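Colleague: Here you go, one structure.
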DNA sequence: CATTTGATGTTCT
DNA sequence: GAACATCAAATGC
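Numbering (the working numbering), first residue to last: 92 to 292.
In C-alpha cells form, the structure reads like this:
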C-alpha cells in the first residue's frame with residue numbers, strides 16, 4: 092500500500108486539526124503543464140477552521156469570490172494570492188459549506204529537484220528552496236490558476252508513502268495571524284521536532 | 001548578525 | 001486607502 096493517493100474520505104472528515112497533523116509526513120506532488128513530476132515531504136502545516144477562528148478567511152460565514160473555494164467539499168486545492176506576490180497552497184477539508192482548510196507551509200524536496208531549482212532561480216538545495224508557504228508553491232509550480240483543482244494525479248495530489256514518522260510533532264501558534272486576537276494563540280501549527288525544513292526556527 | 005523596506009493584487013472600510 | 005496566512009534585497013550594527 093505504498094504510494095497510495097489520499098482519497099476524498101481522508102479530506103472530508105470533520106476535524107481539520109487532526110487532518111493538519113496527519114498531513115505532516117505525506118508527500119505533496121505536482122505535475123504542471125506536462126512537465127516532470129515535482130514532489131516533497133510535507134514538513135509544516137497550519138489548520139484554519141471556518142467556524143470560530145478569526146484567522147480564517149472564511150470565518151463567520153464570510154463568502155467572497157476568493158473564499159468560495161473553501162466552502163466546497165474537501166479534497167480540492169484552495170490557492171490564493173498573498174501580499175500580491177505569493178501563491179499560498181491550502182488543502183480544503185470537511186464537507187460542503189464547512190469552510191475548513193490546511194495551509195501547507197513547508198516541504199522537503201523529493202522528486203524533480205532540478206525543476207524546483209529552475210522555478211526558484213536557485214543553485215543549491217537548502218531550506219530556503221521550499222521552506223515557507225510562498226516558496227514551496229513557486230518550487231512546485233503552483234499558482235492561483237489551480238484554485239479549486241481536485242487533488243488527483245496529473246496536476247496536484249498528495250500521496251502516503253508510509254515514510255517513518257521520524258520525530259514527534261510539535262504544536263505551536265500559527266505564523267503571521269496576529270490580527271486574529273485570541274485565535275492567533277491557538278496551537279494549530281505543526282511540524283516534526285527534528286526537521287530543518289520549517290519556515291522559521 | 002538584526003532590522004527595514006519594496007514589491008504587488010485582492011478584499012474590505 | 002489600509003491591511004493582508006510573504007519573501008528577498010538592502011541597510012545598519
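Glycine included, C-beta positions come from ideal geometry on N, C-alpha and C.
All values reported here derive from a predicted model rather than from experimental measurement.
(1) What are the boundary residues of the alpha helix (DSSP H) that residue 258 is part of?
(2) In angstroms, rounded to a whole number, what distance separates the CA positions of residue 250 and residue 139?
(3) When you compare only the Cα positions, how much space is there between residue 245 and residue 146?
(4) Would you tell me roughly how many angstroms separate the C-alpha atoms of residue 217 and residue 107, rounded to the nearest one?
(5) Residue 280 and residue 118: beta carbons closer than 9 Å?
(6) Starting from residue 263, follow its DSSP beta bridges and name the residues at the other end.
(7) Just to confirm my understanding: we take residue 160, look at its own chain, exclude 5 residues before and 5 after, and list those with CB closer than 6 Å. What are they?
(8) In terms of residue numbering, what span does the alpha helix (DSSP H) encompassing residue 228 cover?
(9) From the DSSP secondary-structure annotation, give me the bridge partner or partners of residue 118.
(10) In angstroms with no decimal places, state the Cα-to-Cα distance between residue 235 and residue 166.
(11) Measuring alpha carbon to alpha carbon, tell me which residue in 111, 95 and 116 is nearest residue 255.
(12) Given this structure, state the Cα-to-Cα distance separating residue 243 from residue 271, to the nearest angstrom.
(13) Less than 8 Å between the CB atoms is what I'm expecting for residue 300 and residue 220, so what's the real figure, rounded?
Modeller: This is what the structure gives:
(1) In the DSSP assignment, residue 258 falls outside any alpha helix (DSSP H), carrying neither H nor E.
(2) Annotation: residue 250 to residue 139 spans about 22 Å, alpha carbon to alpha carbon.
(3) C-alpha of residue 245 to C-alpha of residue 146: approximately 32 Å in a straight line.
(4) Pairing residue 217 with residue 107, the inter-Cα distance amounts to about 30 Å.
(5) Cβ distance not < 9 Å, so residue 280 and residue 118 don't count as in contact.
(6) When DSSP reads this structure, residue 263 sits in a beta bridge with 280.
(7) So the qualifying residues of the chain are 169, 238 and 239.
(8) Unbroken alpha helix (DSSP H) run through residue 228: 224 to 231.
(9) Paired residues: 132 and 250.
(10) Near 16 Å, if we compare the C-alpha coordinates of residue 166 and residue 235.
(11) Of 111, 95 and 116, the residue nearest in Cα terms is 116.
(12) A direct Cα-to-Cα measurement between residue 243 and residue 271 gives close to 33 Å.
(13) Missing from the structure shown is residue 300; the chain here goes from 92 to 292 and no further.
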